[in-house]
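K.L.:
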Amino acid sequence: MRLLFILAIVIGYMVDNSLAIEFKKEVREYGIAVIPEAKCYKLASKLNQKISKLLPQFKNLPNIWHITLYQGAFEESDLVKIESEILKLNIKKFDITLTKFYTTADRWVDWGVEKTDIFDVLHRKVVNIASRYHLRPLNRVQDMLDGIEGEIKKQIDMYGTFGLMNFYKPHMTLFYLYPPSKSISKIPQIIEDGRYEGVSCKSDKLIIGELGYNGNIIRVVNVINLATQN
1 MRLLFILAIV IGYMVDNSLA IEFKKEVREY GIAVIPEAKC YKLASKLNQK
51 ISKLLPQFKN LPNIWHITLY QGAFEESDLV KIESEILKLN IKKFDITLTK
101 FYTTADRWVD WGVEKTDIFD VLHRKVVNIA SRYHLRPLNR VQDMLDGIEG
151 EIKKQIDMYG TFGLMNFYKP HMTLFYLYPP SKSISKIPQI IEDGRYEGVS
201 CKSDKLIIGE LGYNGNIIRV VNVINLATQN
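The sequence shown begins at 1 in full-length UniProt numbering and counts up by one.
#1: Which one of F175, S183, V127 and K186 has the shortest CA to CA distance from G163?
#2: Exposed or buried, which one is A33 when buried takes at least 16 other CB atoms within 10 Å?
#3: Can the beta-carbon of S77 be found closer than 8 Å to that of E114?
#4: Does the Cβ of G72 have 16 or more other Cβ atoms within 10 Å, making it buried, or fewer, making it exposed?
#5: Leaving out five residues on either side along the sequence, give the residues of the same chain with a beta carbon under 6 Å from the beta carbon of Y159.
#6: I need the straight-line Cα distance from R28 to N216, nearest angstrom please.
#7: With C-beta atoms as the reference, is A38 less than 8 Å away from W111?
#8: By Cβ distance, which residues of its chain are closer than 6 Å to I118, with the 5 residues on each side in sequence left out?
#9: What's the gap between the Cα of V121 and the Cα of L55?
#10: On the criterion of 16 or more Cβ atoms from any shown chain inside 10 Å, does I21 qualify as buried, or is it exposed?
#11: Which of helix, strand or coil does DSSP assign to V199?
#12: Taking DSSP as the reference, what is the three-state secondary structure of N214?
#13: Taking only the alpha-carbon atoms, compute the straight-line gap between F23 and E75 and give it to the nearest angstrom.
#14: On the CB-based measure, 16 or more other CB atoms within 10 Å of its CB, does N225 come out buried or exposed?
#15: On the three-state DSSP scale, how would you describe H171?
#16: What's the call for R195, buried or exposed, on a 16-neighbour Cβ count within 10 Å?
#17: What three-state label does DSSP hand I224 in the structure shown?
#18: How should L211 be labelled, buried or exposed, when 16 other C-beta atoms within 10 angstroms of its C-beta is the threshold for buried?
#19: Tell whether a beta-carbon distance below 8 Å holds between R124 and L177.
#20: What ranges does the beta strand (DSSP E) occupy inside the segment 50-107, keeping only unbroken runs of at least 3 residues that lie completely in it?
#21: Is it right to say D143 is buried, meaning 16 or more other beta carbons lie within 10 angstroms of its own, or is it exposed?
#22: Just to check, is the beta-carbon of L226 closer than 7 Å to a non-hydrogen atom of the ligand PLP?
#23: Using a Cβ-Cβ cutoff of less than 6 Å, which residues in the same chain neighbour Q155 once the five nearest sequence positions on both sides are dropped?
#24: Can you look up E26 in the DSSP assignment and give me helix, strand or coil?
Next up, the structure:
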């Protein structure tokens, strides 16, 4: 009997442990983002290839060109709930105006997007919906927590990331670099030839996509189609 009792405890421990491991596997990082229509999407892809040729020493990470609304670490089963709540917003296609190229933290080459009222309101609504389901800070955010304080720390504690709400700067990242390098600092001046600032297009759809470490979207999980304006 004693042997059976011990065996039951061991089996119970193994089951509990395997369930814990399985739960951890389900928590992944996802981005909720706007996908621009083909005109801007193709331009982003073309610019990415140009940057990659200028930086042959760095890996060109795979990415689905997008404008982030929010990123978080979620249990995959919660994505359906997030999608359902976003669908209730009945979002219509809207204008996107691209601005200047710039670099961020020696890690990203970004193409700025004009922060219109539509973008600002949509961002806030998506954050309020999706952040309720986030489970921890993003991995890349956790890796930089030392010394972080003030408003940035507050946003990380609340949302798992930062650069949100009043600090939100919509953009489309054209190149992802890690570890950081000063090599990218001159890229915006090199690729700007007067044709890109002010380029405009429509939004095509929203997606929920799985993220790579640096914020690149590597896989589309859910697609949220946008209604056409009347």
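Don't be surprised by glycine CBs; every beta carbon is placed ideally from N, CA and C. Since the model is a prediction, treat every value here as computed from it, not as a measurement.
P.N.:
To lay it out plainly:
#1: Reading the sequence shown from its first residue, position 163 is the one you call residue 163. G163 has its Cα closest to that of V127, out of F175, S183, V127 and K186.
#2: Within the sequence shown, numbered from 1, the residue matching residue 33 stands at position 33. The C-beta of A33 has 16 or more other C-beta atoms within 10 Å across all chains shown, which makes the residue buried.
#3: In the sequence shown, the residue the question calls residue 77 occupies position 77. In the sequence shown, the residue the question calls residue 114 occupies position 114. S77 is not a Cβ neighbour of E114, given a cutoff of 8 Å.
#4: For this step, residue 72 is matched to residue 72 along the sequence shown. It is buried - the Cβ of G72 has at least 16 other Cβ atoms within 10 Å.
#5: As a first step, residue 159 must be located in the sequence shown, where it is residue number 159. Cβ within range, chain order: S131.
#6: Along the sequence shown, read from residue 1 onward, the residue named residue 28 stands at position 28. Along the sequence shown, read from residue 1 onward, the residue named residue 216 stands at position 216. Going from the Cα of R28 to the Cα of N216 covers about 13 Å.
#7: For the purposes of this step, residue 38 is taken as residue 38 along the sequence shown, with counting starting at 1. For the purposes of this step, residue 111 is taken as residue 111 along the sequence shown, with counting starting at 1. For A38 and W111, no; Cβs fall outside 8 Å.
#8: As a position in the sequence shown, residue 118 is number 118, starting the count at 1. When the five nearest sequence neighbours on each side are left out, the beta carbons in the same chain lying within less than 6 Å of the beta carbon of I118 are those of F94, in order along the chain.
#9: Residue numbering aside, residue 121 sits at position 121 when the sequence shown is read from its first letter. Residue numbering aside, residue 55 sits at position 55 when the sequence shown is read from its first letter. Each residue's alpha carbon lies about 36 Å from the other.
#10: The residue given as residue 21 occupies position 21 in the sequence shown. At I21 the pLDDT is 45, less than 50, meaning the model places this residue with poor confidence and gives no usable figure here.
#11: Along the sequence shown, read from residue 1 onward, the residue named residue 199 stands at position 199. Coil.
#12: Mapped onto the sequence shown, residue 214 falls at position 214. Three-state result, N214: coil.
#13: Locating residue 23 in the sequence shown gives position 23, where the first residue counts as 1. Locating residue 75 in the sequence shown gives position 75, where the first residue counts as 1. Confidence at F23 is low in this model, with a pLDDT of 45, below 50, so the placement of that residue should be treated as unreliable; the coordinate-derived value is given next. CA-CA distance, F23 to E75, rounds to 8 Å.
#14: Here residue 225 corresponds to residue number 225 of the sequence shown, with the count starting at 1. N225 is exposed by the Cβ-count criterion.
#15: As a position in the sequence shown, residue 171 is number 171, starting the count at 1. Note: H171 maps to strand in three-state DSSP.
#16: As a working note, residue 195 is residue 195 in the sequence shown. Its Cβ having fewer than 16 others within 10 Å, R195 is exposed.
#17: Mapped onto the sequence shown, residue 224 falls at position 224. Residue state, collapsed to three classes: strand.
#18: The count along the sequence shown starts at 1 and reaches residue 211 at position 211. By the neighbour-count rule (16 or more Cβ atoms within 10 Å), L211 is buried.
#19: Residue numbering aside, residue 124 sits at position 124 when the sequence shown is read from its first letter. Residue numbering aside, residue 177 sits at position 177 when the sequence shown is read from its first letter. Going by C-beta atoms, R124 is not nearer than 8 Å to L177.
#20: Qualifying beta strand (DSSP E) stretches, in chain order: 67-75 and 95-104.
#21: One-based indexing of the sequence shown puts residue 143 at position 143. By the Cβ-count criterion, D143 is exposed, with fewer than 16 other Cβ atoms from all chains shown falling within 10 Å of its own Cβ.
#22: Summarising the ligand content, the structure contains no ligands, and the ligand PLP is consequently not present.
#23: One-based indexing of the sequence shown puts residue 155 at position 155. Taken in chain order, the residues that qualify are F162 and L164.
#24: As a first step, residue 26 is located in the sequence shown; it is residue number 26 there, counting from the start. Here E26 sits in helix by DSSP.
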